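Single-structure report; data block below.
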Amino acid sequence: MRVHVTVNGRVFERDVEEHKTLLRFLREDLGFTGTKEGCGAGECGACTIFLDGKTVNSCMVLAVEADGSAIETIEGEAKDGRLSVIQEAFDRHHAVQCGFCTGGMVMSVRELLQRTPKPSVDQIKEGIEGNFCRCTGYQQIIEAVLDASGQKELADKGGLKHA
Amino acid sequence: MNTTDGVFRYDARAKATGRATYAADIKLTGMAHAVPVYTRFVRARGLRVEVEAAKAAPGVLAVLVAADVSGQVRYGQIEPDYPVLAQDLINFEGEVIALVVARTRAQALAAAALVVEEAEELPPLLDPESALAPAAPLLRLGKKDNIVNHGKMRRGDAEKALAGCELVLDERFSTQFIEHAYMEPEAAVAIPRPDGVMEIHGSMQHPFSTRRFVAAALGSLLAGVEVFNPPMGGGFGGKDDTAALVCARAALAARAVRRPVKLVYDREWSMRESYKRHPYKLHYRAGFGADGRFRAASIDMLCDSGAYTSVTPWVNWRSLVQCCGPYSVADVRTDVYAAATNNVFTGAMRGFGSPQVNFAVEQLMDMAAERLGLSPLEIRRINMLTQDGETITGQKLDGHVVSLGQVLDAIVRATDFERKFAASSRGAARDGTLYGIGLALSYRGASLGAEGADFCSSIVNCQADGSVILDAAIHENGQGAESVQMLVLAEELGIPLELIRRQRSSTSMIPDGGTTVATRGTIMGGGAVAVAARELKSLMARTLAPKLGVESDRVVFRSGRVGVEGGPGLSWEEAVAAMFAERIYPYAFGTFRAPKVSWDEETGQGDAYFTYVYSCQAAEVEVDAATGAVRLLAMTAAHDVGRAINRALTMGQAYGGMVQAAGMALFEDLAVKDGRVGNRNLDRYKIPRARDVPDLRCILVENADPSSPTGAKGIGEPAIELMAPAIANAVYNATGLRCRDLPIRIDPKELS
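From first to last, the protein sequence lines stand for chains A and B.
All residue numbers for the first sequence refer to the working numbering, where the first residue is 1346 and numbers rise by one.
All residue numbers for the second sequence refer to the working numbering, where the first residue is 22 and numbers rise by one.
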C-alpha cells in the first residue's frame, strides 16, 4: 500500500507491506533509527514517537494506519544542530547511560512538559511510566526533567551539583 | 575540568539525539537477514532437522544446521559445551536448531516456519536436587555426573565450633531466576571481507570473548575475526555467551551467503535463549556467641546452572568468598554445588553470585541480633572486618583502608537509622500501613580476583597538533567507561578534554584486556590509561629535558604546560611538536597488571582479591496491612569507591544498581515451569518502572586505593548486591514476617 507521512517536517511517500509496524517502517524504510525496538509489545516505550501531536508506541501502530499523519521522532528534537532544553538537561544530569531508552524517554518528557510545564516529581514519574530504563534507576532522568522545567533547585537537592 | 566535579559523557549527545548507531541500526548494501529457528522440545535426542521446504521458500539464500558449521559446533567460556546450532541433543527450550538466511527478515521468518524438527523426546530434569539424585540421567556430554561445579571452603572446624555456640540459627533461603532485561535485545552484523577477515559489529559486552566464539564456530584464527562494538543498549553481565553466539551465527550465515548478514533478536527470543542469574538454594547454620560474635558457619548452597556451564564455576567462587558477608568468622565449612538441568542456562549477571549469599547472610545477622538482644548496628560493629583484619579466606586486609565502619556510619547518619528502626511497626499497623527500615553491609572483591588472569592495556597516541587518540582494552557497556578513561587521561597529562578523542577500537587494534565485567571498568581500564599516560610522560620528560635544560624528573605536566613549576617549560602543543622534531613518537602503550592473588581449591583459602569495595545500603518500606503490598519509601547507598573519577557517573551506577536489586527483591520472577520460561516479554516480566522507585540517595566514601593506579576501585556491582536483603530486613521490621524466598511476597492473612 502507498503511504504518505511527514516525519520531522519532511514528506515521505513509500509503498509498504500491510503488516509492517510504523516502528519498522520508520527504522528500516525511512532510516529513522533513533527510535528503538525494545519489546515489540507496547510495554517498554523505547519506540515512543509523536503521531499527530500525541505520543504512541510505534511498535503498536501499523505503517498504513499512519497514512497522512505528521510524525515526530527523536531525530527532530534538536533544531539546526542545537539540542533542545530537554536534551541539554539529559546531558547535564547524566540521564543517559546506555542510551537505548533515551529517544523514547525524551519524547515522553516533551509531551509531559507540554501538558504540565512545571511537573512535580510524582507527575514526572507518571509521565515516564511507560518508558523503561534499566540503567539509571530513573533518578538522574527525574533530575534532568526538573532542571528542564526550570526547577533546578529541586534537581540539585540530592546533593549532586553538576550544572 | 576537575575530574571529580561535573558530568562528562562524550557519547551523551549522540545518544540523546538518536544519532548513536547501535548494531540493529546498521544497514549495508546487499545485506541479508538471518533468523533463528527454535526447538519445540525441552529435552530430546536424535535430532533431525528437515530444511528443504524452507530452502525453497521465496527469498531464502541459505538454511544452516549444525552439519554446516565449519569449525567447532560446541564452545564455551569454561567448558566447550554450548552448540552454536543444536547437534543431536536438545538440552533446553532455547536451543537454536537452524538458521534461516533470506533477502529480507520477513522472508526469513516465513521460511523459518517451514523447518521441520524431529527428535525423540525425553523427560526433562527440572530442578538441581533431581539432577544430583543417583539415578538421574546424565545431561552433560561426555561427563559422568550432572555436577557443573563444586566449590569448597574448609576453615577451622565448623561443627565443633557450632557445638560451642550460644545461638545457632538453622535457616534456608532461596532466590529466583532473574532476567537482565537490557533494553536492547541481542543484535549482530557480520561482514565477510575481501581480505578473508570476518568483521563483526554486535551488541556485546566483550569483543574479545565474542571473537573467541566466532573464531571457534568458523574454525578461524583469532586474527581472522575482527570485532567492533558499537554502542550497546545495556548488558549487566548478560551480553557475553548468548550475544557472542548471535555474532557467531551471523558470521556462519555471512560466510555461507558471501554477503553481509544481520541477525537481530526480538525480545521473546532473547528471553527464551539468553542466560539468567542463577537461582540459589541456601542452607545456613550460623553460630553466634552470647557476646554477639559470629563464630562459625556451616553452609550448603545448591544452584541451577541450567543446560550449560557458561561461567557458573566463577559465579560460585564469588559466592564462596562472600558466603559469610563482610565479617570475621573463625570456623567455616561451605560447599557450593551447581547442577546441570534442562532449564534455561545461567551465567554472569551484575553481582555475580553475591546478591544470593548476601540475601541470606544479611538477614541472618538481623535475626541473630534480635535473638541476642542486640541492634542490627551493634551486631555488625561487633563482627565486621576492620583494618588488618583477616577474611574468611585467610586474607589479611592490610593494603588499603578497610572502611566498613565508615560506610555503616554514613548510612546511619543519612537515614537517621536508629530513630527509624525504633519507630518501625513490627506488625502493629497504624492507619492500615506498616513501616520498616532495614540495612545490609558488604565487602566485595574488586575485579576478577583469583578467577582469572587480570591485566589490561591502553594506547595513548598524540597527534602533531597536540590532540590525543586514546584507546583502552576495556569497552563501553553504556555506564560511561570510555568517558572515565578520557577524564583519567586529561588529568594525568594536564590537558583539556577537548584535545582527547576516544577511539572505538576493534579486537585487531589493541591486545585483549579482558571483559568489561566484575566492576573492572574503572579500576582496570582507567588504571591502564593512567599507566600508559605515565609511560608517555616519562618518555616526553626524558626526551625534552635537555631542551628545557632541567633534570627529567623535575618535568611536570599541568594546565596544558610541560616543564618545571615556575621555571622553563613548553606548552603541551609545543612539547608534542618537539617530540616529532626529535623523531620520537609521543605514543605510549601501557599495561596495568593487577597485583598477585592466590587460591587453594581444596580449602577455599587464599588472597582472593587484591582489594575490596566496602558498601552499606538501607531501604525504607511501607506495607499495606490489607493487601501485603510492599511500597518502597527510600533507598540509600554508601560505597567506598576508592576515588570517584566522575561523581555523577558513579552515583548513576549506585542508583541503577539499587533499583535493579529492588526488582530482584520485589518484582521480578522469570516463572520457569516445566523447563519453559513463563514470562517471555516485558509485559509479564516486571522490571521496576519510574513509579515503583522512591527517592534515591548515594553517599560516596573515598579512600584512594594504593593498588589502583587512579586510586579508584569501582561501583557497578557493589551497587546491586545489598538492596534485596536490606528490603527483606525492612519488610521484617515493618511486619514481623521473615522473607526467606525471593521475590518477597507478603500474605496479608499472616499480618495480625
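For glycine and all other residues, C-beta sits at the position ideal for the given N, C-alpha and C.
For clarity, every value in this text was computed on a predicted model and none was experimentally measured.
Burial state of residue i, where buried means 16 or more other Cβ atoms lie within 10 Å
i                  : result
Arg306 of chain B  : buried
Ser636 of chain B  : buried
Gly255 of chain B  : buried
Lys417 of chain B  : exposed
Asn23 of chain B   : Because Asn23 of chain B sits at a pLDDT of 41, beneath the cut-off of 50, its placement in the model cannot be relied upon, and the following sentence gives the value as read from the coordinates. Asn23 of chain B is exposed by the Cβ-count criterion.
Gly1504 of chain A : With a pLDDT of only 45 at Gly1504 of chain A, under 50, the local geometry of the prediction cannot be trusted, and no value is derived from it.
Met1346 of chain A : exposed
Ser504 of chain B  : buried
Pro79 of chain B   : exposed
Ala747 of chain B  : buried
Thr60 of chain B   : buried
Lys260 of chain B  : buried
Asp419 of chain B  : exposed
Glu738 of chain B  : buried
Residue range of the beta strand (DSSP E) that includes residue i
i                  : result
Ala209 of chain B  : Ala208 to Pro213
Tyr301 of chain B  : Tyr301 to Phe309
Asn482 of chain B  : Phe476 to Cys483
Lys173 of chain B  : Ile168 to Arg176
Gln638 of chain B  : Tyr633 to Asp645
Ala123 of chain B  : Val117 to Ala123
Glu141 of chain B  : Val137 to Glu142
Lys1399 of chain A : Lys1399 to Asn1402
Interface residues of chain B facing residue i [CB-CB closer than 7 Å]
i                  : result
Val1361 of chain A : Chain B residues near Val1361 of chain A: none, gap ~12 Å exceeds 7 Å.
Gln1496 of chain A : Those do not exist, as Gln1496 of chain A stays about 15 Å from chain B at its closest Cβ, beyond 7 Å.
Cys1389 of chain A : Met204 and Leu703
Cys1446 of chain A : Met204
Glu1471 of chain A : Arg712
Closer than 8 Å at the beta carbon, the chain A residues around residue i
i                 : result
Ile708 of chain B : Phe1477 and Arg1479
Thr38 of chain B  : Gly1379, Ile1419, Glu1420, Glu1422, Ala1423, Leu1428 and Gln1432
Gln681 of chain B : Arg1479 and Gly1482
Chain-ordered neighbours of residue i on chain A, where CB pairs are closer than 9 Å
i                 : result
Ala650 of chain B : By Cβ distance, chain A contributes nothing, its closest Cβ being about 17 Å from Ala650 of chain B, past 9 Å.
Gly223 of chain B : Near Gly223 of chain B there are no residues of chain A at all, since even the closest Cβ is about 15 Å away, more than 9 Å.
Alpha carbon of residue i to alpha carbon of residue j, nearest angstrom
i                  : j                  : result
Arg176 of chain B  : Ser1453 of chain A : 56 Å
Val72 of chain B   : Arg233 of chain B  : 28 Å
Gly1387 of chain A : Gln626 of chain B  : 50 Å
Ser151 of chain B  : Leu557 of chain B  : 59 Å
Ala615 of chain B  : Asp628 of chain B  : 13 Å
Arg761 of chain B  : Leu1491 of chain A : 39 Å
Asn754 of chain B  : Val680 of chain B  : 21 Å
Ala238 of chain B  : Leu85 of chain B   : 13 Å
Pro1462 of chain A : Leu1396 of chain A : 21 Å
Trp620 of chain B  : Ala471 of chain B  : 6 Å
Val481 of chain B  : Gly426 of chain B  : 39 Å
Gly67 of chain B   : Ala381 of chain B  : 42 Å
Val577 of chain B  : Ala599 of chain B  : 16 Å
Phe476 of chain B  : Leu510 of chain B  : 18 Å
Proximal residues of chain A, C-beta to C-beta of residue i below 7 Å
i                 : result
Gln500 of chain B : Gln1442
Proximal chain B residues relative to residue i, where beta-carbon distance stays under 8 Å
i                  : result
His1535 of chain A : No information on residue 1535 of chain A is available, as it lies outside the stretch 1346 to 1508 that chain A covers here.
Cys1384 of chain A : Arg288, Asn702, Leu703 and Asp704
Glu1474 of chain A : Arg710, Ala711 and Arg712
Span of the alpha helix (DSSP H), counted from its first residue to its last, around residue i
i                  : result
Phe268 of chain B  : Reading off the sequence shown, one finds Cys at residue 268 of chain B, where the question assumed Phe. Asp262 to Val278 is the span of the alpha helix (DSSP H), which, as asked, contains Cys268 of chain B.
Pro746 of chain B  : Met744 to Thr756
Asp321 of chain B  : No alpha helix (DSSP H) holds Asp321 of chain B; the beta strand (DSSP E) holding it covers Phe315 to Gly327.
Arg1347 of chain A : From DSSP, Arg1347 of chain A is part of no alpha helix (DSSP H) but of the beta strand (DSSP E) over Arg1347 to Val1352.
Met219 of chain B  : Met219 of chain B -> not in any alpha helix (DSSP H); beta strand (DSSP E) instead, spanning Met219 to Gly223.
Any non-hydrogen atom of the ligand PLP closer than 6 Å to residue i Cβ
i                 : result
Pro607 of chain B : With respect to small molecules bound, the structure shown includes none, and the ligand PLP cannot be examined in it.
Worksheet entry | Validate contact between the segment 522 to 536 of chain B and the segment 581 to 588 of chain B using beta carbons, cut 8 Å, 3 pairs | no
Discussion item. Any contact between the segment 531 to 549 of chain B and the segment 477 to 494 of chain B? By contact I mean 3 or more CB pairs, one from each, below 8 Å.
Written reply: yes
Discussion item. Three Cβ pairs or more, each shorter than 8 Å: is that satisfied between the segment 1415 to 1426 of chain A and the segment 1361 to 1378 of chain A?
Written reply: yes
Fill in: Meets three-Cβ-pair contact criterion under 8 Å: the segment 460 to 480 of chain B and the segment 722 to 740 of chain B
yes
Discussion item. Between the segment 97 to 111 of chain B and the segment 350 to 358 of chain B, can you find at least three pairs of beta-carbon atoms closer than 8 Å?
Written reply: Verdict: no, contact absent.
Discussion item. Does the segment 270 to 290 of chain B come into contact with the segment 217 to 226 of chain B, if we say contact requires no fewer than three beta-carbon pairs (one atom in each stretch) closer than 8 Å?
Written reply: The segment 270 to 290 of chain B, when compared against the segment 217 to 226 of chain B, does touch it at the 8 Å Cβ threshold.
Worksheet item: Does the segment 361 to 379 of chain B touch the segment 688 to 698 of chain B, meaning 3 or more C-beta pairs lie closer than 8 Å?
Response: yes
Practice prompt. Answer yes if the segment 399 to 410 of chain B comes into contact with the segment 422 to 438 of chain B, meaning at least three C-beta pairs across the two stretches below 8 Å, and no otherwise.
Written response: yes
Item to complete: Specify whether the segment 591 to 608 of chain B and the segment 558 to 571 of chain B touch according to this definition: at least 3 beta carbon pairs, one from each stretch, less than 8 Å apart.
Response: Using a C-beta cut-off of 8 Å, the segment 591 to 608 of chain B makes contact with the segment 558 to 571 of chain B, since at least three inter-stretch Cβ pairs fall below that distance.
Worksheet item: Okay, do the segment 390 to 403 of chain B and the segment 325 to 335 of chain B touch, 3+ Cβ pairs below 8 Å being the bar?
Response: no
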